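Chains as they are written, first to last, in the numbering used here: chain C, 1 to 181; chain B, 1001 to 1319.
We put the CB at the ideal spot given by N, CA and C, even for glycine.
In this text, all values refer to a predicted model and were calculated from it rather than measured experimentally.
Heads up: the structure comes next, in structure tokens.
If you want it as structure tokens, here you go:
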């Protein structure tokens, strides 16, 4: 009887499974000091598709309108998963860039990257009188799992860990590209 | 005895008047499972109240006595008593309660559940669920008309607004708006609804006499919620990804200005004194206070992690 109830319940829950993402938006924030001038660092990141050169988790990138605002890039992660991301801000004056993953198709959960609707801000602020840079990557995103009880590898915590790893990897790559210090 | 009574009632009355003059703002902190209570006279947080998990939606009752908070992750509503500033009851509701609104007579609270695609109706006397109405895909915004006859529901993934007749709780019409409508606000003078459409980056104006969308007003990236300033004939819209508040002329229905605020601005309310706006910046954990004449930020109030304040978070304010 209980088993039957459970079956009925799971059938009732199916409509809930089609929702696009989790209910509570999450944050990730990684900052790294890079011993290169802000201009040098900006030159590395401001090209919208340069991500394929400084983030080893990204295999390929192609962009519709280069680094213009509104450009859409398609990136392929090392896992083979492909996503599109739109450039919302490329502000050379304030050395700030904002791009966001376009919403995933309903029900899609990426391998090793259980997130949906990630928006990323990269900002560079001068340190040590301009001889050095503080580079920050900030993300706002939802976990991809739509229901109230995600499996362990698709929880909010798993989503935060995945984005944090992506950013750490990216910042490490930018550092290497800027001379490694 | 009667002297004591008189003194007491005078004290209560004067206290109530003070409350009305300088209401509190109740800010949901989604990352901290709490609500920051801001005294809008001093713009200081006077108390932080623990509620359910990942609180997002908020509505202050019309008589200012209660605040209802939606907690999507613990699937319940926290009921706060504004005298003791404490949670007096937790009501289990659905699988993902988010948007929340209240009837003009304070007798019913409406909760949109965006997992179950239902609107739950809670009786505020018994503090229990009375009934539910099945709506469109991912309901995310609610508004009530001042007569209490109709409830408006924005269905984010259907790009529609549904109208529910509150006499018999049936859907009487469905109107198409922009892509991914989120926050919706009722304009009682103009008999219009405004929906902030996250994906199309605009605000749809729905004429309720004609029962159709009459205009799409371009705003910033990822608009979230709309506040109406009837006195100065303006609308204010939070743009999550532009980190701005768009200023719209309510007559020409055009965007006329954009105010820089913090990162991920979400909930927005006009203070009942009609001189300032309160905006919750989710990423920065800061509430910005904007002077509506100069359009400048005049104060910033630190909250706990992930302030959202989605709904009517200041008593007595127009939604």
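Closest Cα partner of residue i within the set the options
i                       : options                           : result
residue 134 of chain C  : C:28, C:24 and C:42               : C:42
residue 1069 of chain B : B:1203, B:1063, B:1023 and B:1112 : B:1112
residue 59 of chain C   : C:65, C:71 and C:80               : C:80
residue 1164 of chain B : B:1040, B:1195 and B:1134         : B:1134
residue 45 of chain C   : C:173, C:181 and C:180            : C:173
residue 176 of chain C  : C:157, C:38, C:25 and C:34        : C:34
residue 1277 of chain B : B:1229, B:1087, B:1121 and B:1179 : B:1229
residue 143 of chain C  : C:119, C:49, C:129 and C:126      : C:119
residue 1054 of chain B : C:75, C:51, C:26 and C:39         : C:26
residue 1325 of chain B : B:1274, B:1211, B:1208 and B:1212 : There is simply no residue 1325 of chain B to check, as chain B begins at 1001 and stops at 1319 in what is shown.
residue 116 of chain C  : C:178, C:54, C:162 and C:39       : C:162
residue 1043 of chain B : B:1052, B:1025 and B:1057         : B:1025
residue 92 of chain C   : C:68, C:51, C:53 and C:101        : C:68
residue 185 of chain C  : C:48, C:171, C:141 and C:54       : The requested residue 185 of chain C is not part of the displayed model; chain C covers only 1 to 181.
residue 1238 of chain B : B:1190, B:1270, B:1209 and B:1036 : B:1270
residue 1320 of chain B : B:1190, B:1167 and B:1184         : No answer is possible for residue 1320 of chain B: the residues shown for chain B start at 1001 and end at 1319.
residue 1161 of chain B : B:1251, B:1213, B:1298 and B:1252 : B:1213
residue 121 of chain C  : C:94, C:127 and C:61              : C:94
residue 1050 of chain B : B:1314, B:1087 and B:1041         : B:1087
residue 124 of chain C  : C:74, C:171 and C:64              : C:171
residue 1125 of chain B : B:1116, B:1114 and B:1089         : B:1089
Residue i (DSSP reduced to helix, strand or coil)
i                       : result
residue 168 of chain C  : helix
residue 161 of chain C  : helix
residue 131 of chain C  : coil
residue 33 of chain C   : strand
residue 1296 of chain B : strand
residue 1021 of chain B : Summary for residue 1021 of chain B: the model assigns pLDDT 49, below 50, so the residue's position carries little reliability; its value from the coordinates is reported in the next sentence. Three-state DSSP puts residue 1021 of chain B in a helix.
residue 1160 of chain B : strand
residue 1178 of chain B : coil
residue 117 of chain C  : strand
residue 138 of chain C  : strand
residue 76 of chain C   : strand
residue 154 of chain C  : helix
residue 39 of chain C   : helix
residue 1059 of chain B : strand
residue 45 of chain C   : helix
residue 63 of chain C   : strand
residue 125 of chain C  : strand
residue 28 of chain C   : strand
residue 177 of chain C  : helix
residue 1082 of chain B : coil
residue 51 of chain C   : helix
Short Cβ contact (8 Å threshold) for residue i with residue j
i                       : j                       : result
residue 1292 of chain B : residue 1279 of chain B : no
residue 1186 of chain B : residue 1143 of chain B : yes
residue 1312 of chain B : residue 1045 of chain B : no
residue 1287 of chain B : residue 1100 of chain B : no
residue 1265 of chain B : residue 1316 of chain B : no
residue 37 of chain C   : residue 130 of chain C  : yes
residue 1195 of chain B : residue 1218 of chain B : no
residue 1048 of chain B : residue 1064 of chain B : no
residue 24 of chain C   : residue 1304 of chain B : no
residue 1302 of chain B : residue 1285 of chain B : yes
residue 191 of chain C  : residue 29 of chain C   : Only positions 1 to 181 of chain C appear in this structure, which leaves residue 191 of chain C out of reach.
residue 1138 of chain B : residue 1123 of chain B : no
residue 1102 of chain B : residue 1062 of chain B : yes
residue 1080 of chain B : residue 1097 of chain B : no
residue 1091 of chain B : residue 1128 of chain B : yes
residue 136 of chain C  : residue 145 of chain C  : no
residue 1082 of chain B : residue 1067 of chain B : yes
residue 1184 of chain B : residue 1136 of chain B : no
residue 1204 of chain B : residue 1178 of chain B : yes
residue 1118 of chain B : residue 1130 of chain B : no
residue 1095 of chain B : residue 148 of chain C  : yes
residue 1247 of chain B : residue 1295 of chain B : yes
residue 169 of chain C  : residue 56 of chain C   : yes
Please determine if the region 1101-1109 of chain B and the region 1143-1150 of chain B are in contact, where contact requires at least 3 C-beta pairs separated by less than 8 Å. Yes, the region 1101-1109 of chain B is in contact with the region 1143-1150 of chain B.
Report yes or no: do three or more beta-carbon pairs, one from the region 1195-1203 of chain B and one from the region 1163-1171 of chain B, lie closer than 8 Å? With a cut-off of 8 Å on Cβ pairs, the region 1195-1203 of chain B is not in contact with the region 1163-1171 of chain B, counting fewer than three such pairs.
State whether the region 1025-1034 of chain B contacts the region 1306-1314 of chain B, with contact taken as three or more CB pairs (one from each stretch) at a distance under 8 Å. At 8 Å Cβ cutoff, the stretches touch.
Does the region 1260-1267 of chain B come close enough to the region 1227-1247 of chain B to have 3 or more Cβ pairs within less than 8 Å? Yes, since at least three Cβ pairs between the region 1260-1267 of chain B and the region 1227-1247 of chain B fall closer than 8 Å, the two stretches touch.
Kindly provide the ranges of any beta strand (DSSP E) runs that are 3 or more residues long and lie completely inside the region 1185-1250 of chain B, ordered along the chain. As for any beta strand (DSSP E) of minimum length 3 sitting wholly inside the region 1185-1250 of chain B, the runs are 1192-1197, 1202-1207, 1212-1218, 1223-1229, 1234-1239 and 1244-1249, ordered along the chain.
Can we say the region 107-115 of chain C touches the region 86-96 of chain C, given the rule of at least three CB pairs closer than 8 Å? Contact between the region 107-115 of chain C and the region 86-96 of chain C is absent: fewer than three C-beta pairs spanning the two stretches fall below 8 Å.
Please give me, in chain order, every unbroken run of the beta strand (DSSP E) with length at least 3 that falls completely inside the region 1244-1283 of chain B. If only complete runs of 3 or more residues are kept, the region 1244-1283 of chain B shows the beta strand (DSSP E) at 1244-1249, 1254-1260, 1265-1270 and 1276-1281, in order along the chain.
Uninterrupted beta strand (DSSP E) stretches inside the region 1085-1145 of chain B (no shorter than 3 residues): Those beta strand (DSSP E) runs which fall completely within the region 1085-1145 of chain B and span 3+ residues are 1086-1092, 1097-1102, 1108-1113, 1118-1123, 1128-1134 and 1139-1144.
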